[in-house]
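Asks: My questions will all concern the structure given below.
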Amino acid sequence: MAFESEDISRRGIFVRMAIPVAVGAVVNLELTLPAAEPMHLPARVAHVLTAAEARALGRSPGVGFEFTSSTPRIRSFFDQLVEDTMPPSDQLLHSARVVMADPGTPLLVRLTNSLEGAAGFTVESVTNGQDALIAAMEREPDAIIAAADMPFMNGLELLDKLQAHERLREVPFILLLDRESDLVRLEALRKGAADVINKPFTDEELAIRLKR
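Under my numbering, read the sequence shown as residues 15 to 226, first letter to last.
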């Protein structure tokens with residue numbers, strides 16, 4: 015059974031732990047569903063984020079779990095939860111269009127396949143800043159992702175061009191950093207970037223940040 019990950023703290027739901035746990039540890043979670051007796055399910059610790067780590071990633075501090083088994087009752091509960099929270103089909107938005115620029119072809123291919131797969135985005139991928147600007151002007155995307163270090167036009171130069179363009183200055187821009195740099199991060203945010211992500215990062219993290 016596969017569950018889509020979600021930061022449940024945003025729903026006001028939290029898991030209280032009696033002792034600290036490490037990533038990879040298998041624990042026993044007690045779940046109490048509405049109008050039901052508590053259930054005990056084994057789960058694996060997927061991640062542990064301190065307050066400082068969470069701030070750097072733009073996420074909430076805490077522990078992430080993934081179930082290692084399930085029951086028909088909990089599957090039914092989550093199926094109903096998805097149905098109840100999904101907007102009517104006539105309110106669903108089009109597949110979000112993303113322009114992504116990175117000189118690293120293997121990374122570009124991996125991220126494009128990931129975002130176009132389970133995440134459901136439509137991606138136009140290019141390898142330099144000039145092509146990213148052209149693609150953005152032609153396609154008017156819902157988001158733009160660009161590496162800081164690129165040939166012909168780097169990520170910050172691309173951001174300057176986008177900010178000067180009336181139709182593109184409001185498009186969310188995410189800058190990818192090869193090396194962590196507070197100076198570059200602050201400069202990008204001052205110029206109007208919506209987010210800055212340090213490499214390496216997971217495909218899921220990028221998809222989550224795009225959907226925020």
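Note that beta-carbon positions come from the ideal geometry of N, C-alpha and C, so glycine has one too.
None of these values were measured; they are calculated from a predicted model.
What's the call for Ser-139, buried or exposed, on a 16-neighbour Cβ count within 10 Å?
Replies: Buried.
Asks: At what residues does the alpha helix (DSSP H) containing Asn-127 begin and finish?
Replies: It spans 119-130 - the alpha helix (DSSP H) in which Asn-127 sits, taken as one unbroken run.
Asks: To the nearest angstrom, how far is the alpha carbon of Met-53 from that of Phe-91?
Replies: Near 12 Å, if we compare the C-alpha coordinates of Phe-91 and Met-53.
Asks: I'd like to know whether the C-beta atoms of Val-77 and Val-62 end up nearer to each other than 8 Å.
Replies: Cβ distance < 8 Å, so Val-77 and Val-62 count as in contact.
Asks: Just to confirm the assignment: which complete beta strand (DSSP E) runs, minimum length 3, are found wholly within the region 167-221?
Replies: Here the runs fully enclosed are 187-191 and 209-212.
Asks: Would you say Glu-180 and Gly-143 are within 8 Å of each other, going by their C-beta atoms?
Replies: It is not a contact, given that the beta carbons lie outside the stated cut-off.
Asks: With a CB to CB cut of under 6 Å and the five nearest residues on each side skipped, what residues in its chain are close to Ala-209?
Replies: Sequence inspection shows Asp at residue 209; the Ala mentioned does not correspond to that position. Closer than 6 Å at Cβ, skipping near neighbours: Ile-188 and Arg-223.
Asks: Spatial neighbours of Asp-156 within its chain, please: CB distance less than 8 Å, with the 5 preceding and 5 following residues excluded, ordered by chain position.
Replies: Only Ala-110, Arg-111, Val-112, Val-185 and Pro-186 meet the Cβ criterion.
Asks: For Val-137, count neighbouring C-beta atoms within 10 Å of its own C-beta (all shown protein chains included) and say buried if the count is 16 or more, exposed if not.
Replies: Its Cβ being crowded by 16 or more others within 10 Å, Val-137 is buried.
Asks: Please report the straight-line C-alpha distance between Met-167 and Gly-134, rounded to a whole angstrom.
Replies: If I take the Cα positions, the gap works out to 28 Å.
Asks: Helix or strand or just coil, what does DSSP make of Gly-134?
Replies: Here Gly-134 sits in coil by DSSP.
Asks: Look at Leu-190 and Lys-213 and say whether their C-beta atoms are less than 8 Å apart.
Replies: Result yes, Cβ atoms of Leu-190 and Lys-213 sit closer than 8 Å.
Asks: In the structure shown, what three-state DSSP assignment does Glu-152 receive?
Replies: It is helical.
Asks: Which residues mark the beginning and the end of the beta strand (DSSP E) in which Asn-42 is found?
Replies: Where Asn-42 is concerned, the enclosing beta strand (DSSP E) stretches over 40-45.
Asks: Have a look at Ala-161, Arg-193, Glu-67 and Leu-55 and flag the residue whose alpha-carbon is nearest the alpha-carbon of Pro-86.
Replies: Closest by alpha carbon: Leu-55.
Asks: Compare the beta carbon distance of Leu-176 and Ile-159 with 8 Å and say whether it is the shorter of the two.
Replies: No.
Asks: Have a look at the DSSP bridge pairing and note the partners of Ile-57.
Replies: The sequence as given places Ala at residue 57; Ile does not occur at that position. Paired residue(s): Val-41 and Phe-81.
Asks: Quick one: what's Met-114 bridged to in DSSP?
Replies: Answer is Ser-139 and Ile-159, bridged to Met-114.
Asks: Use the C-beta contact count for Asp-116: other C-beta atoms within 10 angstroms, 16 or more gives buried, fewer gives exposed.
Replies: Its Cβ being crowded by 16 or more others within 10 Å, Asp-116 is buried.
Asks: Return the CA-CA distance between Asp-104 and Pro-75, expressed in angstroms with no decimal places.
Replies: Reliability fails at Asp-104, whose pLDDT of 45 lies under 50, so the model's placement of it is uncertain and the value that follows must be treated cautiously. Roughly 35 Å separates the two Cα atoms.
Asks: Quick check: what's the CA-CA separation for Gly-38 versus Ala-57?
Replies: About 10 Å.
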